[in-house]
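Novice: One structure follows; several queries about it will come next.
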Amino acid sequence: MTYFNIRTIEKYFTLFVFISLVLLPAVEVIARFFGTTGVIASSVLVQHLTLWIGFAGAVIAARRNKLLSLTTEPLFKTELSINWFNFIGKVTTIFIVLALAYGSWELVKIEMDYPVDIAPLLPRWAAQFVMPVGFFLIAIHLLINGYASWKNRSIMLFGITSIILLTR
-2 MTYFNIRTIE KYFTLFVFIS LVLLPAVEVI ARFFGTTGVI ASSVLVQHLT
48 LWIGFAGAVI AARRNKLLSL TTEPLFKTEL SINWFNFIGK VTTIFIVLAL
98 AYGSWELVKI EMDYPVDIAP LLPRWAAQFV MPVGFFLIAI HLLINGYASW
148 KNRSIMLFGI TSIILLTR
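Numbering-wise, the sequence shown is residues -2 to 165 according to the working numbering.
Below you can see the structure in the form of structure tokens.
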């Protein structure tokens, strides 16, 4: 799967979630106008779709290198050579994002062990599964946006792997 295909999937996923986020309340209003029940658990579905659209936006922002930062210049601008101060910041950022992915995966595993349905045939863990996937995709985009050459990306990946192995 190429990088272009991942971008296309991200784009269509975001479009699907946004359309669902708009249509569910609209169907609910129209159904009440005709005196029937609307979509079962639509308010809970909209709450979870809000989580999904937030992660989809964060992944797209990471891909475009437009994540929020405390500086005027983005940390993950594509560099040709390694600046060690930026390198430490990049490795630390990706490590933290991967730690969040791991923590959210642990949450999803606990939810799988003790399932609660938020809607008919939709367990809560399925709605929360976007968290580890989103964090992992953000880490991939940060890794790709960090340096122009695969050599420097490999060095950064080695640094991240070293930190992960040291923290175990």
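Backbone N, C-alpha and C define an ideal beta-carbon position, used for all residues, glycine too.
For L134, which residues of its own chain have a beta-carbon under 7 Å away from its beta-carbon, when the five flanking residues on both sides are left out?
Specialist: V56
Novice: Roughly how many angstroms separate the alpha carbons of I157 and R165, rounded to a whole number?
Specialist: 13 Å
Novice: Extract the residue ranges of the alpha helix (DSSP H) inside the stretch 14 to 93, only unbroken runs of 4 or more that lie entirely within it.
Specialist: 39 to 60
Novice: Provide the residue(s) that pair with P120 in DSSP beta bridges, ordered along the chain.
Specialist: D114
Novice: Looking at A116: is its Cβ nearer than 8 Å to the Cβ of V41?
Specialist: yes
Novice: When you compare each of I152, Q125, W81 to M109 by their alpha carbons, which one comes out closest?
Specialist: Q125
Novice: Based on the DSSP secondary-structure assignment, which residues constitute the bridge partners of Y144?
Specialist: DSSP lists E76 as partners of Y144.
Novice: In whole angstroms, give me the CA-to-CA distance for H138 and Y111.
Specialist: CA-CA distance, H138 to Y111, rounds to 32 Å.
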